[in-house]
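Notes to accompany the following structure.
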Amino acid sequence: MSPVLAGVLQLLALIAALALAYVPLGNYMARVYSSDKHWRVEKWIYRGIGANPDTEMRWPAYLRGVLAFSAVGVLFLYLLQRLQGVLPGSLGFSSIEPAQAFNTAASFVTNTNWQSYYGEQAMGHVVQTAGLAVQNFVSAAVGIAVAVALVRGFARSRTGELGNFWSDLVRGVTRILVPGAAIAAVVLVACGVIQNFSGIHEVGQFMGASQQWNGGAVASQEAIKELGTNGGGYFNANSAHPFENPTPFTNLFEIFLLLVIPFSLTRTFGVMVGSVKQGYAILATMATIWVGFVALMMWTEFSHHGPALQIAGGALEGKEVRFGVGASSIFAVSTTLTSTGAVDSFHSSFTGLGGGITMLGMMLGEIAPGGTGSGLYGILIMAVIAVFIAGLMVGRTPEYLGKKIGTREIKLAACYILITPALVLIFTSVSMALPTPPHSMLNSGAHGFSEVLYAFTSASNNNGSAFAGLNANTDWFNTMTGLAMMLGRFLPMVFVLALAGSLAEQKPVPVTAGTLRTEKPLFTGLLVGAILIITGLTYFPALALGPLAEGLAS
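Residue 292 in this note's numbering sits at position 307 of the sequence shown, and the numbers go up by one each step.
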């Protein structure tokens, strides 16, 4: 079987699996966030945190809940790392330095999972399980909660109430993420992923030096790492490590896990707003971009430039040879079009244009299908922008899902789409202008610039993957990427929740002959075009200096 055919067949199998899960999982999540009943374990949690799950919140109160919970998470995870040297189960590792501890705390609380450390050489069992793994669950649940609040903004009328943050958070963990991750972990263990609390073992000599590996609760963390679109690996090699990803089946299964909730949330959206066709329109937009990016990535990586690539059957440098170019391409696109950041190959070693595709996927705002929750609210913001553009074309006040998109709504949407580009471009330009940060670059020229651009694109969009050539474990990059992650996560949420509150207060607008039918293919095309054009205009100069220059020169 040719490598190209193998890659296409894997893509088709993945699409079939996602299609089978779409309706039942999407409907189930809609029931989770629409139910007025609480499980017993949830009632215990509410008592423990002193929350009343039945109290409806307006958007400022909902936002305060998000920010307060996340702030406590950052502080707890920071202290856990700083105290690691005196904690049991530390495997003899010392406490984490302040700048790196801040970076890691910000990273995992914001669902970014950027890692400027070697997991197997820095973090013991307590920090990995009680700190990082816990944040993998709750940070994903926060993203879904914010998305559900925005959906309620569209679904509700004449009220500013968006639900209860604490109820949405707890249900996301107990009813969706924990059961899903438990099932996924069993599958991974059955396929060879390790799950233990063993210490450090010497496994032999390599080039005259001792080679050591430590065990860990890898399968359980791997499951939520992908299902919650987190991405932080137990080992430095991430999903290229055989302890995390041992077979071609587990590789495809992990891709399925990182895509299944973001895609299925479009069904949840359709059910909650009372029109599954609206959900299918958003799904079609996401799927069009995702399939297009996968096809483009396979083309760039399979193109045979020179005899070496012809003999190898593709650009194999940096790829996971156990899985091939096709599977590595699917993983790379899926992990950067979501906020996952897990890798089974090294993006810095992709072709110039291939590396640009991974960057562009993040620059779109990770909305195809995006992260758990963040992908849905991101693409709904873009839908508001697309409706506004359509309204300008026909000279009519824009409407979406029965809500008028007025001055307040479009200002909030515009602020949302400007936040991350501003962070990416400002932090990148400052890092390139100062004398010290460029010393962290492994390469010079266009590829070196791409390393820095990729780092801040990944951090600001809460992705977490890296180009792997940049030495990010410096005070500058630990601090600046940490700030980029915090601002890139929580500033957009301010505008999302404010928009949700504004929409919920409106009374529904009746459908007329002039209303734009947003469930039709025409709107899907308009939305795809708006996403690509807005992103292209924003980032094209930076991309031209990095991956485009490198790709055209090769």
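We put the beta carbon where it would ideally sit given N, CA and C, even for glycine.
Treat the numbers as computed from the prediction; the structure is a model and nothing was measured.
Proximal residues to tyrosine 13 (C-beta, below 7 Å), its chain only, five neighbours per side dropped: Spatial neighbours of tyrosine 13 in its own chain (CB-CB distance under 7 Å, excluding positions within 5 residues in sequence) are not present.
Nearest candidate by alpha-carbon position, reference isoleucine 267, set Met344, Leu361, Phe287, Trp198: Ranking Met344, Leu361, Phe287, Trp198 by Cα distance to isoleucine 267 puts Leu361 first.
Local Cβ density within 10 Å of arginine 137, reported as buried at 16 or more and exposed below that: Flag for arginine 137 reads buried.
Unbroken alpha helix (DSSP H) run spanning phenylalanine 93, endpoints: According to the DSSP assignment, phenylalanine 93 belongs to the alpha helix (DSSP H) that extends over 83 to 94.
Beta-carbon separation (whole angstroms), tyrosine 47 vs leucine 147, contact threshold 8 Å: With a contact defined as Cβ atoms closer than 8 Å, tyrosine 47 and leucine 147 qualify at about 5 Å.
Burial state of aspartate 329, where buried means 16 or more other Cβ atoms lie within 10 Å: Buried.
Span separating the alpha-carbon of glutamate 41 from that of isoleucine 34: Cα to Cα, the separation comes out at about 17 Å.
Alanine 204 versus proline 495 - alpha carbon distance: Taking the CA atoms as reference points, alanine 204 sits about 51 Å from proline 495.
Completely contained beta strand (DSSP E) runs for the segment 86 to 148, where each covers 3 or more residues: The qualifying runs do not exist here; there are none.
Isoleucine 315 beta carbon less than 8 Å from that of leucine -1: A Cβ-Cβ contact shorter than 8 Å links leucine -1 with isoleucine 315.
Segment contact flag, the segment 509 to 526 with the segment 316 to 336, C-beta cutoff 8 Å, min 3 pairs: No, because fewer than three Cβ pairs between the segment 509 to 526 and the segment 316 to 336 fall closer than 8 Å, the two stretches do not touch.
Own chain, CB closer than 6 Å to glycine 74, minus 5 neighbours either side, in chain order: The beta carbon of glycine 74 lies closer than 6 Å to those of Gly109, His110, Val111 in the same chain, with the five residues before and after it left out.
Which of helix, strand or coil DSSP assigns to glutamine 180: Annotated three-state conformation of glutamine 180 is coil, per DSSP.
Secondary structure of lysine 22, DSSP reduced to three states: Reduced to three states, the DSSP call for lysine 22 is coil.
The segment 206 to 218 in contact with the segment 158 to 175 per 3-pair CB rule at 8 Å: Cβ pair count under 8 Å is three or more, so yes.
For isoleucine 364, the three-state DSSP class (helix, strand or coil): In this structure, isoleucine 364 counts as helix in the three-state DSSP scheme.
Length of the line joining the Cα atoms of asparagine 88 and serine 79: Rounded to the nearest angstrom, the two C-alpha atoms are 17 Å apart.
Bounding residues of the alpha helix (DSSP H) (the contiguous stretch that carries asparagine 458): Membership of asparagine 458 in any alpha helix (DSSP H) is not indicated, and neither H nor E is assigned to it by DSSP.
Burial state of leucine 403 (16 or more Cβ within 10 Å): Counting Cβ neighbours within 10 Å, leucine 403 comes out exposed, since fewer than 16 surround it.
Contained beta strand (DSSP E) runs [length at least 3] in the segment 216 to 256, N- to C-terminal order: Entirely contained in the segment 216 to 256, not one beta strand (DSSP E) run reaches 3 residues.
CB-CB length for glycine 157 against alanine 130, believed under 8 Å: That belief holds up - the Cβ atoms of glycine 157 and alanine 130 are roughly 6 Å apart, short of 8 Å.
Option nearest proline 406 by Cα separation, candidates Ala527, Gly355, Leu322: Ranking the options by Cα distance to proline 406, first place goes to Ala527.
For aspartate 39 and valine 57, the rounded distance between their alpha carbons: Distance between the alpha carbons of valine 57 and aspartate 39 is about 23 Å.
Given 8 Å, three or more beta-carbon pairs between the segment 317 to 331 and the segment 214 to 221: Note that the segment 317 to 331 touches the segment 214 to 221; at least 3 beta-carbon pairs, one per stretch, sit closer than 8 Å.
Short Cβ contact (8 Å threshold) for valine 363 with glycine 350: Note that residue 363 corresponds to glycine in the displayed sequence, not to valine. With contacts defined as CB atoms closer than 8 Å, glycine 363 and glycine 350 qualify as a contacting pair.
Buried/exposed call for arginine 540, threshold 16 Cβ in 10 Å: No answer is possible for residue 540: it lies beyond the span of the chain, which begins at -14 and ends at 539.
Nearest-angstrom beta carbon gap, phenylalanine 220 and glutamate 229 [assumed within contact, 8 Å]: With a beta-carbon spacing of about 6 Å, glutamate 229 and phenylalanine 220 fall inside the 8 Å limit used to define contacts.
Status (buried if at least 16 other CB within 10 Å, exposed otherwise) for valine 306: Counting Cβ neighbours within 10 Å, valine 306 comes out exposed, since fewer than 16 surround it.
Terminal residues of the alpha helix (DSSP H) in which glutamine 206 lies: Per DSSP, glutamine 206 belongs to the alpha helix (DSSP H) from 203 to 212.
Given 8 Å, three or more beta-carbon pairs between the segment 448 to 455 and the segment 424 to 436: Yes, the segment 448 to 455 is in contact with the segment 424 to 436.
Per DSSP, cross-strand counterpart(s) of tryptophan 198: Per DSSP, His186.
Neighbourhood of glycine 467 by C-beta distance below 6 Å, restricted to the same chain and skipping five residues each side: These residues qualify, in order along the chain: Phe87, Asn88, Ala91.
Per-residue burial, glutamine 197 [other beta carbons within 10 Å of its own, 16 or more giving buried]: Exposed, because fewer than 16 other Cβ atoms sit within 10 Å of the Cβ of glutamine 197.
According to DSSP, residues forming a beta bridge with arginine 43: In DSSP, arginine 43 forms a bridge with Glu146.
Neighbourhood of glutamine 85 by C-beta, 7 Å cutoff - its chain only, sequence neighbours within 5 removed: Excluding sequence positions up to five before and after glutamine 85, its CB lies within less than 7 Å of the CB of Ser101, Tyr102, Asn458, Asn463, all in the same chain and listed in chain order.
Cβ pair methionine 344, tyrosine 265 closer than 8 Å: It is not a contact, given that the beta carbons lie outside the stated cut-off.
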